[in-house]
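Shown next, in structure tokens, is the structure this report addresses.
Chains as they are written, first to last, in the working numbering: chain Y, 66 to 411; chain B, 6 to 267.
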């Protein structure tokens with residue numbers, strides 16, 4: 066038994082290393098087009114967002130419908146700092162991260178006393194507010210005209226007499242995105258196995274029992290919201306320097322919904338699950354875009370497909386593709402019972 | 006010696022319902038005291054008031070941990086826990102999706118203080134803390150008789166073991182006063198006997214125990230003193246033997262005239 070467990074663990078580690086090597090090597094394959102690289106970068110970006118959002122519903126059991134608000138804040142932080150101050154992207158990452166965390170705490174501190182659905186509505190309202198701000202505060206954001214011509218990141222070694230190298234094409238972004246995904250996974254895993262992570266899981270499973278263990282609900286929820294928002298903003302900062310153009314309608318509600326779908330589809334609370342969710346939904350979105358336009362149908366129909374997927378998931382795999390182990394065990398137990406019931410019925 | 010908990014004219018109203026009225030009694034250091042009464046008498050409400058889950062309408066709660074009494078009436082539950090009062094719940098409230106060990110580790114939460122930065126960079130201090138949390142959690146599991154079962158998922162355990170785990174989690178907060186809400190509910194006689202043994206061993210560690218229980222064998226077996234409440238009022242208090250034969254108590258449980266019939 067112990068042996069088998071060990072073997073399974075090493076297999077899982079091998080699988081992860083294999084996937085990483087594959088991801089690093091993909092651009093070298095001859096059949097890989099710029100378009101495919103672009104889509105994979107998109108997958109990485111949504112992985113960061115899904116991992117960040119996962120903290121709220123997955124680790125804390127709260128519903129967050131406004132994650133795109135923080136994504137937008139990060140993107141505009143990055144875009145505006147680049148346009149006005151020509152700031153280096155390497156400096157912008159931590160600044161966007163901190164700005165996201167700041168807004169997460171500012172929104173969370175007064176509203177996280179609300180329970181369940183009420184809190185979800187507040188987050189939804191917040192993300193709409195962000196879009197309205199971006200649209201109407203023309204002096205800062207140029208409103209619906211958007212922010213064009215954001216410079217791509219550069220790697221600057223001129224301060225030690227080295228070269229200055231500007232990001233060109235998709236490849237540098239591809240590897241930068243991999244690094245950012247790895248960093249996000251690293252942080253999530255460290256937090257998951259810490260006192261902080263355990264406090265979150267306690268809140269998710271039973272709030273009354275959690276306070277009885279001495280956990281201050283509000284403080285830990287606000288920390289969760291801040292960290293979650295920070296990763297959303299970090300994703301946004303990358304997005305701004307990657308597409309080099311921002312406009313308010315990129316941060317509409319359906320983006321929140323899409324990221325939430327990734328988390329639910331992949332398996333709430335499971336780091337690897339939500340990444341699979343991101344990969345599946347982004348790929349599906351791109352495939353549907355091609356198929357639908359080939360069929361002469363409007364591409365917006367793909368949101369119907371997402372809705373259908375969510376309905377089917379709720380019916381057949383409510384805990385997601387890769388649920389956390391305990392939930393998976395309970396589901397198996399439930400299934401066994403159902404089968405037994407059927408057997409006795411027949 | 007000052008009593009560990011002084012309850013003085015405690016009242017709690019839910020709207021027009023007076024759940025507790027002028028309850029006053031004291032719990033002495035290191036005693037095992039039983040709180041009994043018919044269903045709906047207000048026992049769990051009293052627990053919730055002491056634990057900070059409910060705010061008392063009036064009255065005083067004084068808790069003595071380090072020599073000087075502190076008022077805990079209306080304090081936040083997490084604060085009460087860190088002062089040294091732990092509890093279990095009538096309907097078991099475990100962290101169902103977590104392992105047995107993690108449940109106990111969460112109980113250790115309030116005695117440590119590593120933060121998010123320590124967790125991400127795995128600072129030496131944080132590592133030491135994690136080791137200490139794991140070691141003490143294992144020790145507590147062993148103490149309640151769940152040794153070697155740390156990796157099981159809490160919700161998959163048998164009912165009696167879940168009760169033990171809940172006690173383990175409460176002990177993990179290093180309490181001075183442990184409040185057990187019907188710990189023997191749903192247990193078979195054998196499990197109840199080993200629970201009584203566990204309660205005695207907890208007391209031997211210097212922890213005071215306040216116990217709500219319906220199983221009279223358990224009450225008679227472990228409690229040194231019993232407080233009886235009915236309809237939110239104090240009925241009587243005394244030795245288990247005396248209380249058991251008190252006509253007022255029998256009446257409260259069985260109705261008017263029951264004593265004469267018996």
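A virtual CB, placed ideally from N, CA and C, is assigned to each residue, including glycine.
From the options, pick the residue whose C-alpha is nearest to that of residue i; which is it?
i                      : options                    : result
residue 259 of chain B : B:119, B:90, B:65, B:42    : B:42
residue 65 of chain B  : B:21, B:16, B:150, B:53    : B:16
residue 262 of chain Y : Y:86, Y:240, Y:120         : Y:120
residue 33 of chain B  : B:53, B:56, B:14, B:8      : B:8
residue 307 of chain Y : Y:214, Y:149, Y:80, Y:200  : Y:214
residue 222 of chain B : B:199, B:236, B:241        : B:199
residue 266 of chain Y : B:103, B:201, B:130        : B:103
residue 187 of chain Y : Y:205, Y:132, Y:217        : Y:132
residue 286 of chain Y : Y:169, Y:369, Y:150, Y:104 : Y:169
residue 204 of chain B : B:179, B:219, B:192, B:169 : B:169
residue 194 of chain Y : Y:354, Y:88, Y:365, Y:137  : Y:137
residue 92 of chain B  : B:241, B:246, B:215, B:250 : B:215
Which residues does DSSP list as the beta-bridge partners of residue i?
i                      : result
residue 74 of chain B  : B:69
residue 231 of chain B : B:39, B:243
residue 18 of chain B  : B:23
residue 104 of chain B : B:158
residue 213 of chain B : B:182
residue 258 of chain Y : Answer by DSSP bridge pairing: none, since residue 258 of chain Y is not bridged.
residue 230 of chain Y : Y:220
residue 28 of chain B  : B:15
residue 63 of chain B  : B:16
With 16 other CB atoms within 10 Å as the buried threshold, where does residue i fall?
i                      : result
residue 186 of chain B : buried
residue 268 of chain Y : buried
residue 76 of chain B  : exposed
residue 85 of chain Y  : exposed
residue 225 of chain Y : exposed
residue 155 of chain Y : exposed
residue 67 of chain Y  : With a pLDDT of 44 at residue 67 of chain Y, under the threshold of 50, the modelled position of that residue is not reliable, and the figure given next carries that caveat. Classification for residue 67 of chain Y: exposed.
residue 79 of chain Y  : exposed
residue 183 of chain Y : exposed
residue 254 of chain B : buried
residue 55 of chain B  : buried
residue 246 of chain Y : buried
residue 159 of chain Y : exposed
residue 143 of chain Y : buried
residue 76 of chain Y  : exposed
Looking at the structure shown, is residue i part of a helix, part of a strand, or coil, going by DSSP?
i                      : result
residue 272 of chain Y : helix
residue 163 of chain B : coil
residue 11 of chain B  : strand
residue 207 of chain Y : coil
residue 143 of chain Y : helix
residue 238 of chain B : strand
residue 312 of chain Y : coil
residue 149 of chain B : helix
residue 138 of chain B : helix
residue 94 of chain B  : coil
residue 215 of chain Y : coil
residue 372 of chain Y : helix
residue 389 of chain Y : coil
residue 406 of chain Y : Note that residue 406 of chain Y scores 40 on pLDDT, short of 50, meaning its location in the model is unreliable; the coordinates nonetheless yield the value given after this. In the structure shown, residue 406 of chain Y sits in a helix (DSSP, three-state: H, G or I).
residue 182 of chain Y : helix
residue 251 of chain B : coil
residue 278 of chain Y : coil
residue 94 of chain Y  : coil
residue 219 of chain B : coil
residue 117 of chain B : coil
Check the C-beta distance from residue i over to residue j and give it rounded, since I have them as a contact under 8 Å.
i                      : j                      : result
residue 291 of chain Y : residue 161 of chain Y : Wrong, their Cβ atoms sit about 14 Å apart, outside the cutoff.
residue 281 of chain Y : residue 83 of chain B  : 5 Å
residue 174 of chain B : residue 109 of chain B : 6 Å
residue 48 of chain B  : residue 217 of chain B : 5 Å
residue 357 of chain Y : residue 345 of chain Y : 18 Å between Cβ atoms; not a contact.
residue 332 of chain Y : residue 386 of chain Y : 6 Å
Is the closest heavy atom of the ligand NAP to the C-beta of residue i under 7 Å?
i                      : result
residue 162 of chain Y : As presented, the structure is devoid of all ligands, the ligand NAP included, so that no description of it is given.
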